[in-house]
Amino acid sequence: MSAGAKAAAKAAARALGFQACGITDLRSSPEAVRALDAWLGRGMQGEMRYMERQAPVRRDPRRAWADARSAVVVLHNYYQRDAEPAAGRGRVARYALGADYHDVMRERLTALGQRIVAEAGAGSFRVYVDAGPLPERELARLAGLGWFGKNTMLIHPRLGSFTFIGVVLTDLPLAADAPFEADRCGSCRRCLDACPTAAFSAPHVLDATRCISYLTIEARSATPAELAPRVGNWLFGCDVCQDVCPWNVRFAEETAEPAYRAKPKAEWPTLEELVRMTEREHEEVFEGTALERPGRAGLARNAAVVLENERRGRPESPAV
Ligand code: B12
Ligand code: SF4
Ligand code: SF4
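Anchor point for the sequence shown: position 311 equals 313 in our numbering, and the numbering is continuous, going up by one each time.
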């Protein structure tokens, strides 16, 4: 298909507010397959059984949709400055401070797919963000959008890593971009050293079962006693290995997307309130945000861990 169709897809992505867009065919890369299989083989997915179920498609993304010929991959910047919360209120990872990105991205990706097929006068498309079985970071790298940092994040050389990845699969054969082959981490290892739970078993390998993001969002069981003190004040998710990355320090800019902006701190429930919250209150407060995912019980568990960490961190009261 003409270079014009590719340029039109990228122009449409820009017009819809995406900061970067690249195109790849749906090849499967042997290194990524080996990395995924080694990761699953060591049980690093923990309770995320969907990672096992979805593995055949992750190994060969063409299995997601037999007609697919191209993947249009986009990045959406969600970075915003965020101060340490006051005592009694836990910290929420930046990606979850505003509206649920799955909803925002899905709508925007659908508009992108519609524009791509309208421009071509033919074709169909499907959209993916996070929840589907696609290897999104790998597709982003193949589409030329960045490299895998030692913290496993997809890092774009002018945006950093505070970006969501979205994918539009289409049956149109669009001209592919060159994959991003360079590794720009060099000798840096700040993310590996900063991780509070020592979750990286090696550069580029994250043992999810130790990651605060997994412990506070995906895990349904109790937080392991060994790790709970290291969770610190993270109530939901974790940004440490991204905050310390020089590519973010240098390039991260405030998001232009109003839907991702945080609601005022005073409107967030306190940790005590989270521990006591009913199912119904949880639904009312968190509907339409990413914090719905762990459910009331999950957030109450997280709040109890942070409260305990705050209690431990407070100096002993003086004897009276
Ligand atoms: C499962 C999952 C998690 C798990 C496991 C994360 C992990 N690193 O594997 C948990 C719950 C811990 C998690 C946490 C987070 N996640 Co998450 N997660 C996913 C999900 C659903 C699948 C990832 C996956 O397949 N993991 C398995 C590993 C093996 O694959 P991978 O990391 O994708 O790809 C690696 C391999 O291909 C490997 N690889 C390839 N070739 C080679 C070669 C060699 C030699 C080696 C060693 C490795 C290697 O390196 C790649 C990069 O790590 C994706 C969405 C999707 N559908 O892809 C989002 C996704 C990766 N998550 C995302 C985000 C935003 C986060 C958090 C930042 C949220 C937060 N603030 O709390 C953290 C970041 C933690 C971190 N440092 O990764 C974004 C990342 C965007 C980006 N710019 O990279 C994604 C893409 C969702 C999205 N659509 O935007 N996540
Ligand atoms: S998100 Fe936090 S806990 Fe997870 S790997 Fe990064 S620094 Fe470690
Ligand atoms: S902190 Fe350093 S090693 Fe880690 S991802 Fe960023 S550049 Fe790479």
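The beta carbon of each residue, even a glycine, is placed where N, CA and C say it ideally should be.
When the options are compared against residue i, the one with the closest alpha-carbon
{"i": "M95", "options": "D84, D105, V207 and A88", "result": "Met is not the amino acid found at residue 95; the sequence shown has Ala there. Of the listed residues, the one whose Cα sits closest to A95 is D84."}
{"i": "V131", "options": "A177, A10, A122 and H78", "result": "H78"}
{"i": "L42", "options": "A22, R60 and S31", "result": "R60"}
{"i": "P226", "options": "F164, A299 and R303", "result": "R303"}
{"i": "A88", "options": "A201, V287, E256 and W236", "result": "W236"}
{"i": "G297", "options": "G134, F253, E281 and W249", "result": "E281"}
{"i": "A221", "options": "H206, F238, D179 and V207", "result": "F238"}
{"i": "A180", "options": "R212, G162 and L144", "result": "L144"}
{"i": "C193", "options": "S223, C243, L114 and A68", "result": "C243"}
{"i": "V287", "options": "A10, D69, A14 and D102", "result": "D102"}
{"i": "D245", "options": "E294, G48, I219 and C197", "result": "C197"}
{"i": "L301", "options": "E312, G315, G290 and M279", "result": "M279"}
{"i": "T58", "options": "D185, T272, T218 and P137", "result": "The sequence shown places Pro at residue 58, not Thr. Nearest of D185, T272, T218 and P137 to P58, Cα basis: P137."}
{"i": "V76", "options": "A305, C187 and L111", "result": "L111"}
{"i": "C240", "options": "G234, A254 and S215", "result": "S215"}
{"i": "T211", "options": "G24, E33, M46 and R29", "result": "M46"}
{"i": "T218", "options": "V308, H206 and E256", "result": "V308"}
{"i": "D185", "options": "V169, L161 and F150", "result": "F150"}
C-beta atoms of residue i and residue j nearer than 7 Å
{"i": "R177", "j": "K8", "result": "It should be pointed out that residue 177 corresponds to Ala in this sequence rather than to Arg. Yes, they are a contact pair."}
{"i": "T154", "j": "L229", "result": "no"}
{"i": "A17", "j": "A292", "result": "no"}
{"i": "L174", "j": "A142", "result": "no"}
{"i": "R128", "j": "L171", "result": "yes"}
{"i": "G146", "j": "G24", "result": "yes"}
{"i": "A254", "j": "V106", "result": "no"}
Residues bridged to residue i (per DSSP)
{"i": "A22", "result": "L77"}
{"i": "R93", "result": "W236"}
{"i": "I167", "result": "L77"}
{"i": "T172", "result": "S72 and F127"}
Cβ-based burial, residue i [other Cβ within 10 Å; buried from 16]
{"i": "A321", "result": "Note on A321: pLDDT 43, under 50, position unreliable in the model; no value is reported."}
{"i": "G148", "result": "buried"}
{"i": "Y81", "result": "buried"}
{"i": "K267", "result": "exposed"}
{"i": "A5", "result": "exposed"}
{"i": "S72", "result": "buried"}
{"i": "S163", "result": "buried"}
{"i": "K265", "result": "exposed"}
{"i": "A70", "result": "buried"}
{"i": "G188", "result": "exposed"}
{"i": "E259", "result": "buried"}
{"i": "P271", "result": "buried"}
{"i": "R313", "result": "exposed"}
{"i": "Q116", "result": "exposed"}
{"i": "G315", "result": "exposed"}
(Q) Just to confirm the assignment: which complete beta strand (DSSP E) runs, minimum length 3, are found wholly within the region 235-321? (A) 236-238
Q: Please specify which runs of the beta strand (DSSP E), each continuous and at least 3 residues long, are wholly inside the region 109-156, giving them in chain order.
A: 127-130
Q: Counting only runs of 3+ residues fully inside the region 47-74, write out the beta strand (DSSP E) ranges in chain order.
A: none
Q) Which runs of the alpha helix (DSSP H) spanning at least 4 residues fall entirely within the region 181-223, listed in chain order? A) 192-196
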